[in-house]
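Residue 210 in full-length UniProt numbering is what sits at position 210 of the sequence shown, and the numbering runs on without skipping anything.
All C-beta atoms in this analysis are idealised placements derived from N, C-alpha and C, irrespective of residue type, glycine included.
Here is the structure we will look at, set down as structure tokens.
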Amino acid sequence: MGRYVIRRLLQMIPVFFGATLLIFLMVNVMGDPIAGLCGQIQCDPATTAQLRAQYGLDKPLWQQYLTYMGDLFRGDFGTAFNGQPVTELMAAAFPVTIRLTLVAICFEIVIGITLGVLTGLWRGRPIDTGVLLLTLVVISVPTFVTGLLLQLLLGVEWGIIKPAVSPGAPLDELIVPGLVLASVSLAYVTRLTRTSIAENARSDYVRTARAKGLPRRRVVTRHLLRNSLIPVVTFIGADIGALMGGAIVTERIFNIHGVGYQLYQGIVRQNTQTVVGFVTVLVLVFLLINLLVDLLYAVLDPRIRYA
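Printed below as a string of structure tokens:
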């Protein structure tokens, strides 16, 4: 196990450098970031030259990348064009998005897996058909439509929730945004769990466990569910990073100042330091979560062993 972890950590190094290089190159071809700093008028040449020198934009692109990576390993993600360090923006945004993501993941695990197990065990029954139709509707409707509809009904018409989340983003106000954020993934988790349960229910080890006279509950929880959750854990693990980086629409609808909001502001204002810094952290999140998911395989299925 130890050698496997070390090998995976070493594999993460070229992936990290390759991903950050691609992100840095793509962000820096979005346009001239200095052009938007002077408002509607064009910056005069002296001011443009000063700003380029201040933010290191007068250097070649490869040199900018090396400088950025050197600062990154010292914990310096650069300075936004408003003069605020990017680390301060991260300190304010990431806790909010982490809470929102945790709420969304809880919905995926509790509701998605529960519905998937029920429909997998009762395949072909009315509850199975109803859940499949419901998940198909959820997948078909865009997230921004679901979010705006719930905001209109629950927040404006019925007054059950606040239409916009408070600046502190308390946990109770993130329940509906978390449900909106998790809606599509929840539907996929339900369908994936259902398929995995239905396939493994016909396996030899399940028939053997039943033939031995084990209670149905133990057969499902100890044998069937553990093996069936391996693809589900893979999906949820990859989805954690996707939810953190893909919460732009949800955070815009409910006025949540998290990672998605900061990425949106950075893209609109062509603030390369902010966009590259936030996406770099998201790359690290993806890599670490994928490693944890691989290690969880051995817990769920004892047949899996790492040399």
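Could you tell me which of Val141, Thr280, Val219, Val176 sits nearest to Gly155, measuring between CA atoms? Val176
Nearest to Pro95 by CA position, among Ile23, Ile256, Thr20, Leu284, is which residue? Ile256
In three-state DSSP terms, what is Pro170? coil
Bridge partners of Pro142, per DSSP? In the DSSP output, where bridge partners are listed per residue, Pro142 has none listed.
Start-end ranges of the alpha helix (DSSP H) lying completely within the region 150-202, minimum 4 residues: 175-200
Is it right to say Phe17 is buried, meaning 16 or more other beta carbons lie within 10 angstroms of its own, or is it exposed? exposed
Assuming Val232 and Ser196 make a contact with CB atoms under 8 Å, what is their CB distance in whole Å? 7 Å
Measure the beta-carbon distance from Val259 to Ala93 and round it to whole angstroms, keeping in mind my assumption that it falls under 8 Å. 5 Å
Compute the Euclidean distance between the alpha carbons of Leu282 and Ala211, then round it to the nearest angstrom. 48 Å
Neighbour-count burial assignment, Tyr188, 16 or more Cβ in a 10 Å radius: buried
Taking C-beta to C-beta, are Val180 and Gly147 nearer than 9 Å? yes
Would you kindly work out how many angstroms separate the C-alpha atoms of residue 309 and Ala46, rounded to a whole number? No statement about residue 309 is possible, as the shown extent of the chain runs from 1 to 307 and does not include it.
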